[in-house]
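All remarks here apply to the structure that follows.
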Amino acid sequence: MRCDSGGADGAEKSSAGELADCIQQLAVYAAWHAANLRSFLWSSADRDKQKAEALAQQLEGLMPAAEAQTIKALAFRAAWFTANQRRFNFADAAEDQRAVEFYADLLASLTNPELAKNIKSLSLNASWHAANTRSMLWRDAREDACRFERDCSKLATLLRPLSGRQQPENEDGEESEGFRTPRETEEATPTALRRCDSVLDEIVVAWQAVKVSDGSTEASSFLSAASVTVMVFDVFGKLLQGFQADMRKNIEMVQQHVKGEISLEKLVDDEAKAEGSHAKALREGNASMGLLWLSRSLRLLQTMLGKLDAGKAHAAPLSLSRCIQAGYETSLRPHHNFVTRQVISAALLAAPSRTEFLAKVGGFGGDASGDGLGLEQAAAAATAKVTELLEAFTPPLSQVCTHLRSRGIEKP
């Protein structure tokens, strides 16, 4: 007995909706994989890649393999094109852009030109959204998200002729749940994969996820949060690139010794047992050395944020450069030589203003979001996020620093 046309139409719509949802999410996760990798957020990038690969495999079960593989290649090359472009890797970006055109043309020959054009646009808009977010170009990122949503709204209709040739009828014949926007997709994902409205928001989420118990700080979540925290200094451009590079080097130095859910405290103590003492374990390449210098850099940031936070109660708050200088004096300066101190001091002279910094990392005002806030209003709004960050950031860092001092690794 033949099904009635309404049931067949419902199954076709549901199947097309499932295809559209899978393609959309594949584009989003591929985009964030490349953007996070270019921002040195290795853990997040790895999780995004795993999710994208799983979605690509799922896509092969919904449509012919050649088409699914072409869509996957298009999504990843679009992601690398935008990520490389935003990080000034122009030669690689040009190669990726050519690959995007190649796979879009190939997809058009396998399906139809209108569908291929839509998926190409969808992939590029998802990719620009991620790349611009990582570069703190908030207004551009929001515009990319709007364009992405418009592409998604057309995708299921374009996919219906394809879904009808391969997919079996849905058991209940119901419509799919609809299209998830980038924000809705993020809210449906685990905290570790959630994208936030600003750098400060993302850092807060990362530190809130650090697993801390009495005398125990999980290494993996702490290092992941530290990696995200480095993005605060992107606002300074090339001025503090050396400082950022040192932080990332120290994170890697610790990370290479982490296995499973070991705590930082146990990692340091186990290393001391193997070497004979904590003093002997404190050498280049060991977790103890990496954690010592990483903790000093994070203490600089902690003091800087504390000064920024305290400034909201004063009519004439400290400038950003003075806030950073205060953090530097109590953390890294005692351990730097004369030349390094002079380089840091010179870099701070070119630091942005306090209000510009807060507006940028807080995702408000100016180029941030198009929300209409003036720079001073934006800075005031971002200061509340600084308070929240300090509340999440201070307990795990203090516990790690206390352990390093108790073992004689750091001076009291």
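Counting in this note's numbering, the sequence shown tops out at residue 582, every number present.
Beta carbons are placed, not taken as given, at the ideal position from N, Cα and C, and that holds for glycine.
Nothing here was measured: the structure is a model prediction, and the numbers come from that model.
Check: Span separating the alpha-carbon of Leu437 from that of Pro234; Outcome: 49 Å
Check: Element boundaries [alpha helix (DSSP H), containing Ile241]; Outcome: Ala235 to Arg256
Check: Local Cβ density within 10 Å of Gly231, reported as buried at 16 or more and exposed below that; Outcome: exposed
Check: Environment of Val374 [buried if 16+ CB atoms lie within 10 Å]; Outcome: buried
Check: Stretch pair the stretch 210-217 + the stretch 388-402: three plus CB contacts closer than 8 Å; Outcome: yes
Check: Span separating the alpha-carbon of Gly412 from that of Ala444; Outcome: 32 Å
Check: Alpha carbon of Ala300 to alpha carbon of Cys322, nearest angstrom; Outcome: 16 Å
Check: Bridge partner(s) assigned by DSSP for Ser386; Outcome: Ser383
Check: Asp433 - partner residues in DSSP beta bridges; Outcome: As written in the sequence, residue 433 is Ser, which differs from the Asp given in the question. In DSSP, Ser433 forms a bridge with Glu388.
Check: Residues near Phe318 in its chain [Cβ-Cβ closer than 7 Å; skip 5 each side]; Outcome: Leu292, Asn295, Ala296, His299 and Pro352
Check: Local Cβ density within 10 Å of Asp218, reported as buried at 16 or more and exposed below that; Outcome: buried
Check: Simplified DSSP state of Val424, which is helix, strand or coil; Outcome: helix
Check: Nearest-angstrom Cβ-Cβ length linking Val531 and Val402, presumed shorter than 8 Å; Outcome: 6 Å
Check: For Phe210, the three-state DSSP class (helix, strand or coil); Outcome: coil
Check: Separation of Ala552 from Ile289, as counted between CA atoms; Outcome: 36 Å
Check: Start and end residues, alpha helix (DSSP H) containing Val531; Outcome: Arg524 to Gly532
Check: Nearest residue (CA-CA) to Ala277, options Ala480, Ala253, Phe246 and Gln239; Outcome: Residue identity differs from the one stated: residue 277 is Leu in this sequence, not Ala. That would be Gln239, whose Cα lies nearest to the Cα of Leu277.
Check: Leu574 beta carbon less than 8 Å from that of Ser465; Outcome: yes
Check: Distance CB(Ala389)-CB(Ser433) smaller than 8 Å; Outcome: yes
Check: Three-state secondary structure assigned by DSSP to Met306; Outcome: coil
Check: Top-ranked residue by Cα proximity to Arg418, from Leu461, Phe260, Ala554 and Asn254; Outcome: Leu461
Check: Given 8 Å, three or more beta-carbon pairs between the stretch 492-507 and the stretch 467-474; Outcome: yes
Check: Nearest neighbour of Pro566, chosen from Phe272, Ile421, Ser368 and Gly385 [CA to CA]; Outcome: Gly385
Check: Inter-residue CB distance, Ile579 and Ser458 (contact presumed, cutoff 8 Å); Outcome: 6 Å
Check: Collapsed DSSP secondary structure at Leu292 in the structure displayed; Outcome: helix
Check: Expected contact under 8 Å - CB spacing of Ala200 and Ala263 to nearest Å; Outcome: Wrong, their Cβ atoms sit about 16 Å apart, outside the cutoff.
Check: Residue environment, Arg320, which counts as buried when at least 16 other CB atoms sit within 10 Å; Outcome: exposed
Check: As assigned by DSSP and simplified to three states, the class of His203; Outcome: helix
Check: Limits of the alpha helix (DSSP H) - the one that Val374 falls within; Outcome: Val369 to Gln378
Check: Nearest-angstrom Cβ-Cβ length linking Ala224 and Leu325, presumed shorter than 8 Å; Outcome: Not a contact, Cβ separation roughly 20 Å.
Check: Beta-carbon spacing of Gln228, Phe251 below 8 Å; Outcome: no
Check: Test item: CB-CB of Ala549 and Thr525 under 8 Å; Outcome: yes
Check: Buried or exposed (CB count within 10 angstroms, at least 16 for buried), Ser576; Outcome: exposed
Check: Sequence-distant residues of its chain with Cβ nearer than 6 Å to Asn420 (five each side left out); Outcome: Gly460, Trp463 and Leu464
Check: Selection from Lys450, Lys242, Ala236 and Thr281 that minimises the alpha carbon distance to Val270; Outcome: Lys242
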